[in-house]
Amino acid sequence: MHHSIARHSALGFLAALLISTTGSASPSQLASTQASTTQVTAGLSSTCTKVKRIIAEKADVPPSSVTDSADLINDLGMDELDLIELAMHFEDEFEIEIPDEHVELIHTVSDACKYVEGAVGS
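Take the sequence shown: its letters are residues -25 to -1, 1 to 97, numbered as in mature numbering (1 follows the signal peptide of the UniProt record, and there is no 0).
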């Protein structure tokens, strides 16, 4: 749901930008804008899907337990060492760097998704 809202908001912004800079927008231009926006948001959601799969494996819990609001320690039973190993796995899987002080900021599954998505996108 969240990605759908983000996609529609981005699409609306890009369409408005296209119209404001060109004075109009053809249906093919709008379709091209929608296709580009869909590709970007699909990449983000697939990153989060991978993050959730990794968390489920590392926490040894069913994937259904790995909800956006699940706390890695309190809800999924991970400890500090598990979080460090999780960060290392993210680094390997996504070819990113996660400084130790940033690991302490990741408390929920949503935090992990947002962090990795931000790191992959930068």
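We put the CB at the ideal spot given by N, CA and C, even for glycine.
- With 16 or more other Cβ atoms from the protein chains shown falling within 10 Å of its own Cβ, T22 counts as buried.
- DSSP links D46 through a beta bridge to T83.
- For E70 and V95, the gap between their C-alpha atoms comes out near 8 angstroms.
- With the rule of 3 Cβ pairs closer than 8 angstroms, the segment 26 to 35 counts as touching the segment 57 to 72.
- Taking C-alpha positions only, T83 is separated from A34 by approximately 13 angstroms.
- Comparing C-alpha distances from L61 to each of A87, T42, G93 shows the shortest one belongs to A87.
- Y90 has its alpha-carbon roughly 10 angstroms from the corresponding atom of V78.
- The Cβ-Cβ distance between I30 and L51 falls below 8 angstroms.
- Across the set D43, P38, I59, the C-alpha of I59 shows the shortest separation from the C-alpha of D75.
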